[in-house]
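Protein sequence lines correspond, in order, to chains L and P. Going by our numbering, the first sequence opens with residue 1, and the numbers climb by one from there. Going by our numbering, the second sequence opens with residue 975, and the numbers climb by one from there. For each residue, glycine too, the CB sits at the ideal point set by N, CA and C.
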Amino acid sequence: MPAVKGDGMRGLAVFISDIRNCKSKEAEIKRINKELANIRSKFKGDKTLDGYQKKKYVCKLLFIFLLGHDIDFGHMEAVNLLSSNKYTEKQIGYLFISVLIGATNDLMKLVIQAIRNDLASRNPVHITLALQCVANIGSREMAEGLSVDIPKLLVSGDTIDAVKQSAALTLLRLLRSSPDIIPMGEWTSRIIHLLNDQHMGVVTAAASLIENLVKKNPEEYKGCVSLAVSRLSRIVTSSYTDLQDYTYYFVPAPWLSVKLLRLLQNYPPPEDPAVKTRLTECLETILNKAQEPPKSKKVQHSNAKNAVLFEAINLIIHMDSDPNLLVRACNQLGQFLQHRETNLRYLALESMCLLATSEFSHEAVKKHQETVITALKTERDVSVRQRAVDLLYAMCDRTNAEEIVGEMLEYLESADYSIREEMVLKVAILAEKYAVDYTWYVDVILNLIRIAGDYVSEEVWYRVIQIVINRDDVQGYAAKTVFEALQAPACHENMVKVGGYILGEFGNLIAGDPRSSPLVQFQLLHSKYHLCSPSTRGLLLSTYIKFVNLFPEIKNTIQDVLKSDNNMRNSDVELQQRSIEYLQLSSIATADVLATVLEEMPPFPERESSILAKLKKKKPSSVPEGSEQKEHTATKLPQAQMSNNVESNPPTTINLMSQGESSTDDVMEKGSPVGGSATVDLLGLGTPTQTAPSAGGNGDGLLVDMFDTLTSNKPAPATNGMDLGGLTGGAEEAFKSDDSLSRFICKNNGVLFENDLLQIGVKSEYREDLGRLWVFYGNKTTFQLNAFCVDISQPGGLTESLSIQQKPVGGEVEAGAQVKQQFNMACVQEFEDAPIMSIQFLYSGAQQKIALKMPVVLNKYISPTEMDASTFFNRWKALSSPSQESQQIFKATSPIDTEQIKTKLIGFSVSVLDGIDPNPENFVSAGVLHTRNQQVGVLVRLEPNKQAQMYRLTVRASRDRVAKILCDLLQSQL
Amino acid sequence: MMQFMLLFSRQGKLRLQKWYVAHQDKMKKKITRELVTLVLSRKPKMCSFLEWKDLKVVYKRYASLYFCCAIEHEDNELLTLEIIHRYVELLDKYFGSVCELDIIFNFEKAYFMLDELLLGGEVQETSKKNVLKAIAAQDLLQEEEALETALTEYGLT
Chain L
1 MPAVKGDGMR GLAVFISDIR NCKSKEAEIK RINKELANIR SKFKGDKTLD
51 GYQKKKYVCK LLFIFLLGHD IDFGHMEAVN LLSSNKYTEK QIGYLFISVL
101 IGATNDLMKL VIQAIRNDLA SRNPVHITLA LQCVANIGSR EMAEGLSVDI
151 PKLLVSGDTI DAVKQSAALT LLRLLRSSPD IIPMGEWTSR IIHLLNDQHM
201 GVVTAAASLI ENLVKKNPEE YKGCVSLAVS RLSRIVTSSY TDLQDYTYYF
251 VPAPWLSVKL LRLLQNYPPP EDPAVKTRLT ECLETILNKA QEPPKSKKVQ
301 HSNAKNAVLF EAINLIIHMD SDPNLLVRAC NQLGQFLQHR ETNLRYLALE
351 SMCLLATSEF SHEAVKKHQE TVITALKTER DVSVRQRAVD LLYAMCDRTN
401 AEEIVGEMLE YLESADYSIR EEMVLKVAIL AEKYAVDYTW YVDVILNLIR
451 IAGDYVSEEV WYRVIQIVIN RDDVQGYAAK TVFEALQAPA CHENMVKVGG
501 YILGEFGNLI AGDPRSSPLV QFQLLHSKYH LCSPSTRGLL LSTYIKFVNL
551 FPEIKNTIQD VLKSDNNMRN SDVELQQRSI EYLQLSSIAT ADVLATVLEE
601 MPPFPERESS ILAKLKKKKP SSVPEGSEQK EHTATKLPQA QMSNNVESNP
651 PTTINLMSQG ESSTDDVMEK GSPVGGSATV DLLGLGTPTQ TAPSAGGNGD
701 GLLVDMFDTL TSNKPAPATN GMDLGGLTGG AEEAFKSDDS LSRFICKNNG
751 VLFENDLLQI GVKSEYREDL GRLWVFYGNK TTFQLNAFCV DISQPGGLTE
801 SLSIQQKPVG GEVEAGAQVK QQFNMACVQE FEDAPIMSIQ FLYSGAQQKI
851 ALKMPVVLNK YISPTEMDAS TFFNRWKALS SPSQESQQIF KATSPIDTEQ
901 IKTKLIGFSV SVLDGIDPNP ENFVSAGVLH TRNQQVGVLV RLEPNKQAQM
951 YRLTVRASRD RVAKILCDLL QSQL
Chain P
975 MMQFMLLFSR QGKLRLQKWY VAHQDKMKKK ITRELVTLVL SRKPKMCSFL
1025 EWKDLKVVYK RYASLYFCCA IEHEDNELLT LEIIHRYVEL LDKYFGSVCE
1075 LDIIFNFEKA YFMLDELLLG GEVQETSKKN VLKAIAAQDL LQEEEALETA
1125 LTEYGLT
């Protein structure tokens, strides 16, 4: 038995020895149960138990608990110990409570009372014990009970340093667990000055608290930047003897340095040039020190020094403003890539990932490509190899994509199982993102399936199909390549899926070659059929029916297969149904019907790769294009839902996209076979009308709804699937812009649209029947947007009413740049719909489309007119025919405010005439609408009813329809 | 912020556990089991850092004991290694060449010392001198109280 420190509790030591001497688990449990029974009886019976004994038994219980046994008594005795005036008893009581009492325990009220007593004590060691207990438990109830006492301790002049330290971190714990409860008061404004405290321990503890406060409200604590920089500066320039015991293995105050460097990462680079220079000097000093010979051979020295260095590099990356520092950081990390310490290699790979995303250091990182590839191949630790994969992914761009993807594919053959799936996703994303030549892309994905088929998730092969369908330049190649890949005697089921799908669509492109004649293609696929799962077989059946259309010459062979008992009577209902229905379809339908029903798939709407989303979900930290992803998952919920919808319920999409046609094309369904309902539609055996016309009526799917909104005021345009698909891709944007359109009715300037790629602002001015609109396209990305073009379409008869002249806009928008485009618009006659601008461009090789309503509305062409009461009433009476008046009574959307209404009316470009309406609450306005054909007088009367929060709005105009249009526009603003 | 620290032996026996975030006991046991298995399966010379769930795990072996900390994404791995080392130094200084048995028999002291070094998952006091001073003051109180108790027993006060 080793020496027991302090007074020791002999009974406890004996008990621990006994336990250790137990030869078996059973013996141990027996001994423990004996002890538990003993303690229980002591606690129950012996009223004369003194503090020491209580302490000893509580400590034994704690030990038993830490061995992994449940403890269901003794809590009360522990709480009793808290009010002991003996320090050691109190201490054990607090320890037991910290380890064993959950935040919800019934005794918590008593505990909090005891804590409050100790906090008020004059004895600092008691205060510290109480604070430590709060920091250990940190429950809500504690925050409620002690929210005043602890801040007071922190800023009081009487508090000794050690207590201040504990108070700062205890408060931090409570702020983290119950941020809403801790009152922000006088103490918060004083807190940042603790950074100047003489005592390094106080600064160290306070820095963590300050960082938490800063994260919540950076503006309020902005003053801490200069304080932190000067403190940091004093540390990095001090010699290791200056800071005495705060120097750790010759490194001055590494913990405080790291905390300060982290604190600064909550702010942009300092604005004050003096502070900025000082910070740059600090960072340079830290980088310089890394090059100096080590002051000690101990690993502690290098760890502490490098900890500060890595944190400094994090700050440099965060500020992302000083190319010199960024490149130096990159070179330093480059040295670490070859360091003999595994830990440093690991961290260097990790930090470099961040550097790779900065435009200043991206190129510098690329210089280390060979080293990283070597690391991928030679590191013995999978977690380091994983980092190398991450870095290759982050440093990849168009120039090195082929090489990196090639290396990753090669490594995949021997990669650890734990990282294969992620690697597959990464390779798939890189190949798509940087493909110049899509045949390369197809090769990469097929290689992925060949090498790591089991790890290729559905998203990956869905995506290759989408891309092949949408790019006709690669379809022939894809067909040929899958055909060759399928020749392998054992090929992965995912290969069969992709092969089946692509040959079903594009098999005809290679059918001319006798080596891949229709029959050969069919037999090749069918040779895999029996080895596949039902879902793949279902897909292959769809391929077969597509073959019936593509290759009528093998129709009989296919019908034989469909007829076979193995399919027709398959125990799987889906397969049975497909066989029967496809057989029927092939026998009943005429060639024309077949050709329509089984026509080639229309292009998929352009959308962000679902693979990226998957990777993000798997590993949130590893997707450097975080911003793109954020857009996808957070702010653009409708779009995310849209793609989900597309994936989970393809038949809806088909209906939508082939709306012009009477029946639907089921074949997309084979991508992810779901239920048989679509198959029923296909055959027209059920109720095909049920889904098809819904796009025009009350859509039941989200997509349909959105589409409805887009086309609500006009007949659905008769377009081919492709255009509709395109519109669908931007449907979410168009939908959103309906809102923004309303914002522009009463104003002329503002931001029309914004996503993570593009910000579109507008500015406009109008004179009589002429208007000028400037649209500003701001590229928010760090890449050039290519093939940028804008098309204007004018739905309905808008071309006759509004003549639009468009100035050209350049094909490229540079990273971070803004380009301007001017539109001249003349109003020929009244109009209702807004013109639609479709903006298209390539971002990282992916086609992007945005459809927006232009903020051009009829009231812009009005100019206000002044008139007196008699003129007004004469004109008002003159415009009395029903078609000249439009009246609406409606609820106010916001509280009725006279000033606001005035502003809106003026913004609507009509006058506000005082003293005309006998009721001063009412508004009367007049204006002239200028069109090229004629001028139209417009009179407005608005009667607010504040009690009912209702308006009655009456608009009269000298031309039919105008009153109605203007009335609707104005109503939307009130 | 550090989320928890575990000390366990090469045989996987847990010697000390400190949680800075609240978990149910069941969850704590599950996490401990998983991490002990994970860390024990690692070979020497491997990297001391691991990604685990959304946390980073930093571990180091001292003689028969593994010290294993889970920290958050923005925390500094290297410095966490040195927190472990500083803790080992403190134990070593206090017990005089610490061994696993010291921690078993004086587990409460190990906790008290950790509470001086780290509080609420953040570094509170890095000065070895200051921490040892605080612990020595506790021991002094303990001895005084023990003396007092003894005297009372013998009816001398």
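According to DSSP, simplified to helix, strand and coil, what is residue i?
i: N649/L; result: Reliability fails at N649/L, whose pLDDT of 33 lies under 50, so the model's placement of it is uncertain and no value is given.
i: G93/L; result: helix
i: V225/L; result: helix
i: Y411/L; result: helix
i: T374/L; result: helix
i: H199/L; result: coil
i: G937/L; result: strand
i: L598/L; result: coil
i: R932/L; result: coil
i: N786/L; result: strand
i: G726/L; result: Note on G726/L: pLDDT 33, under 50, position unreliable in the model; the coordinate value appears next. Correct three-state label for G726/L: helix.
i: S925/L; result: strand
i: K60/L; result: helix
i: M976/P; result: strand
i: L685/L; result: Note on L685/L: pLDDT 33, under 50, position unreliable in the model; no value is reported.
i: M76/L; result: helix
i: V148/L; result: coil
i: S564/L; result: coil
So residue i and residue j are in contact, right, with Cβ under 8 Å, and what is the actual spacing, rounded?
i: L583/L; j: K563/L; result: 6 Å
i: G334/L; j: H301/L; result: G334/L to H301/L, Cβ: 22 Å. No contact.
i: A167/L; j: T159/L; result: 7 Å
i: I181/L; j: L209/L; result: That belief does not hold up - the Cβ atoms of I181/L and L209/L are roughly 16 Å apart, past 8 Å.
i: D161/L; j: H193/L; result: The pair is not a contact, with the Cβ atoms about 15 Å apart (cut-off 8 Å).
i: R989/P; j: E1074/P; result: 7 Å
i: V214/L; j: C224/L; result: 6 Å
Please determine, among the options, the residue with the shortest C-alpha to C-alpha distance to residue i.
i: N882/L; options: N570/L, A892/L and R956/L; result: The amino acid at residue 882/L is misidentified as Asn; the sequence shows Pro. Comparing Cα positions, the closest option is R956/L.
i: C532/L; options: V327/L, L175/L and G499/L; result: G499/L
i: N217/L; options: P179/L, S147/L, N874/L and N748/L; result: P179/L
i: G51/L; options: N80/L, V496/L, I64/L and L100/L; result: N80/L
i: Q559/L; options: E574/L, L541/L, V573/L and Q821/L; result: L541/L
i: I588/L; options: K616/L, Y267/L and K555/L; result: K555/L
i: D1066/P; options: T1054/P, M1087/P, N1050/P and L1055/P; result: M1087/P
i: L996/L; options: V813/L, K747/L and A826/L; result: Lying outside 1 to 974, the shown extent of chain L, residue 996/L is not represented and no answer is given.
i: I836/L; options: G797/L, L62/L and K860/L; result: G797/L
i: K1017/P; options: R380/L, A135/L and I29/L; result: R380/L
i: E458/L; options: E832/L, F890/L and T536/L; result: T536/L
i: E1082/P; options: G45/L, I16/L, V155/L and L107/L; result: I16/L
i: V327/L; options: S351/L, Q884/L and D70/L; result: S351/L
i: L315/L; options: Y246/L, Q91/L, V229/L and H492/L; result: V229/L
Taking only beta-carbon positions, decide if residue i is within less than 8 Å of chain A.
i: V1097/P; result: Within the model displayed, chain A is absent; protein chains L and P are what it includes.
Counting only runs of 4+ residues fully inside the segment 788-844 of chain L, write out the alpha helix (DSSP H) ranges in chain order.
798-801
Chain P contacts from the segment 303-334 of chain L (Cβ-Cβ distance under 7 Å)
Cβ contacts with chain P: N303, A304, N306, A307, F310 and E311.
Residues, ordered as in the chain, of the segment 74-97 of chain L that lie near chain P by beta-carbon distance below 9 Å
K86, Y87, T88, E89, Q91, I92 and L95
Check distances from the C-beta atoms of the segment 339-364 of chain L to those of chain P and list, in chain order, the residues that come in under 7 Å.
T342, N343, Y346 and L347: these are the residues of the segment 339-364 of chain L whose beta carbon lies less than 7 Å from some beta carbon of chain P, given in chain order.
Could you name the residues of the segment 1066-1092 of chain P whose beta carbon sits closer than 8 Å to any beta carbon of chain L, in the order they occur along the chain?
Y1068, F1069, C1073, L1075, D1076, I1078, F1079, N1080, F1081, E1082, K1083, Y1085, F1086 and D1089
Would you list, in chain order, the members of the segment 370-386 of chain L that have their beta-carbon closer than 8 Å to a beta-carbon of chain P?
If the cut-off is 8 Å between Cβ atoms, the segment 370-386 of chain L has R380, D381, S383, V384 and Q386 near chain P.
Contained beta strand (DSSP E) runs [length at least 3] in the segment 838-914 of chain L, N- to C-terminal order
846-853, 862-864 and 885-891
Which runs of the alpha helix (DSSP H) at least 4 residues long sit entirely within the segment 986-1050 of chain P? Give them in chain order.
Listed in chain order, the complete alpha helix (DSSP H) runs (minimum 4 residues) inside the segment 986-1050 of chain P are 999-1014.
Using Cβ-Cβ distances below 8 Å, what residues of the segment 1109-1124 of chain P are close to chain L?
For the segment 1109-1124 of chain P, the residues whose beta carbon sits under 8 Å from a beta carbon of chain L are, in order, A1111, Q1112, D1113, L1115, Q1116, E1117, E1119, A1120 and T1123.
Taking Cβ-Cβ distances below 7 Å as the criterion, which residues of the segment 37-65 of chain L are in contact with chain P?
Y52, C59 and F63
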